[in-house]
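Novice:
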């Protein structure tokens, strides 16, 4: 039996119950999800999501892709393939990780996907303009996204100046901050605060938070007034 004795694991505060990072975006009557981690099914049920138009992937790590199979429920409900937007590198990885989905012989009931390639230029998803923002996750390129005045940056520890320019004027920024201690591929809390001040949005929410960050209520008190820890079930409006 595996036991955990960290204060976050033992916390009864729902803000400390952290599933894998993802975000659902509703815009112009369309519903998009960024990443389908291992908790994707549970997250969709928790949020009572009955319709989904597209999935956008940031990168190929399993904590962001492992739940892809669960889009089959939306295939069944909506009677059409799910639109999936990803870079060539991510698509290649998905085809290897979920070979049965892409096999020439289609097993009954497997997910049905409509794959769309994306790069470094803006693209549209069901009429919604999406601006890709490339960040670096140690040595791995990760594609993050800006939609209107909302920007979502996860799994990064560096952003090139030309990509930072794409974030100018954003009102709400969601930015990864793994923990307080240095990490090889994620921003620390201090680094994320510094970057947020450089981008200067109206509000910043830190995501991709590990248990090593500490208790939500404790860390929240340490942050500047316009910066917050994100939490499961958080809803934002623009």
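Residue numbers (this note's numbering): 12 to 249.
The beta-carbon is built from N, C-alpha and C at its ideal position, and this holds for glycine as well.
In this text the structure is predicted, and so the values were computed from the model without any measurement.
1. For my contact list, residue 185 and residue 149 are in at a C-beta cut-off of 8 Å; report their separation, rounded to the angstrom.
2. In angstroms, rounded to a whole number, what distance separates the CA positions of residue 241 and residue 218?
3. How would you label residue 12, buried or exposed, when you count the other beta carbons within 10 angstroms and need 16 or more for buried?
4. Quick one: grab the DSSP three-state call for residue 70.
5. Where residue 209 and residue 74 are concerned, what is the direct C-alpha to C-alpha distance, given to the nearest angstrom?
6. Using the DSSP secondary-structure output, state which residues sit across from residue 162 in a beta bridge.
7. Just to confirm my understanding: we take residue 52, look at its own chain, exclude 5 residues before and 5 after, and list those with CB closer than 7 Å. What are they?
8. Checking 7 Å against the spacing of the C-beta atoms, do residue 183 and residue 128 come in under that value?
9. Look at the alpha carbon of residue 200 and the alpha carbon of residue 169, and state the distance between them as a whole number of angstroms.
Specialist: Judging by the given coordinates:
1. Residue 185 to residue 149, Cβ: 20 Å. No contact.
2. 5 Å
3. Summary for residue 12: the model assigns pLDDT 42, below 50, so the residue's position carries little reliability; its value from the coordinates is reported in the next sentence. Exposed: under 16 other Cβ atoms inside 10 Å.
4. coil
5. 28 Å
6. 157, 184
7. 78, 81
8. no
9. 14 Å
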